[in-house]
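Visitor: To get our numbering, take the position in the sequence shown, counting from 1, and add 64.
Using N, Cα and C, we set each Cβ at its ideal position, and we do this for glycine too.
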Amino acid sequence: FARIDRQNPARVLRALELYRATGQPASTFRQGRPPKVRPWQTLKVGLYDDRSVLYDRINRRVEAMMDAGLEAEVRTLVETYGPEAPGLQSIGYQEWLPYFAGERDRAEVVRLIQRNSRRYAKRQLTYYRHQAALQWFRAGDHEAVLNWLEAQGAG
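#1: Can you have a look at TRP160 and say buried or exposed, based on whether 16 or more other CB atoms are within 10 angstroms of its CB?
#2: Taking the Cβ atom as the reference point for each residue, do ALA149 and LEU141 lie within a distance shorter than 8 Å?
#3: Any contact between the region 106-115 and the region 190-205? By contact I mean 3 or more CB pairs, one from each, below 8 Å.
#4: Does the beta-carbon distance from GLY166 to TYR157 come in below 8 Å?
#5: Answer with buried or exposed for SER154, where buried requires no fewer than 16 other C-beta atoms within 10 angstroms of its C-beta.
#6: For the region 93-180, list the beta strand (DSSP E) runs that are entirely contained and at least 3 residues long, ordered along the chain.
#7: What three-state label does DSSP hand GLN216 in the structure shown?
#8: Ends of the beta strand (DSSP E) at ARG202?
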């Protein structure tokens, strides 16, 4: 159990289920497996744009989600599964819970969803920036992507 992420309840639960069912730790199921061999080449591509453009798109996407009925969707999920449901802990859902309790107004919910979505996008960019063999292209630069793919023998 030393290798289990104790901060991830789903993984802890799964490890306990495996142990209870088999009497063996989860790590025994990973040992001795040969590495996966894939008969294809994997190319890793990342797209970037100016951060201001990305953040503007995020803000507009959140507004579109509101117009499409996000509030009603979340309200139905809370009524069906309760506010502690794991899916309701994600961005775009968790911000509604104080609103339903009368502790926050709708404009603040929108602002928080936009802010939290922007922060998540920033964390994703930071993560991917440190990935090896990832080739970055400006979003919309189709010609550069096609030229690179052709040079890789994938065109």
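Guide: Let's see:
#1: Classification of TRP160: buried, given that the 10 Å Cβ count is 16 or more.
#2: yes
#3: Taking 8 Å as the limit for Cβ pairs, the verdict is that the region 190-205 does touch the region 106-115.
#4: no
#5: SER154 comes out exposed.
#6: 108-112
#7: coil
#8: 198-202
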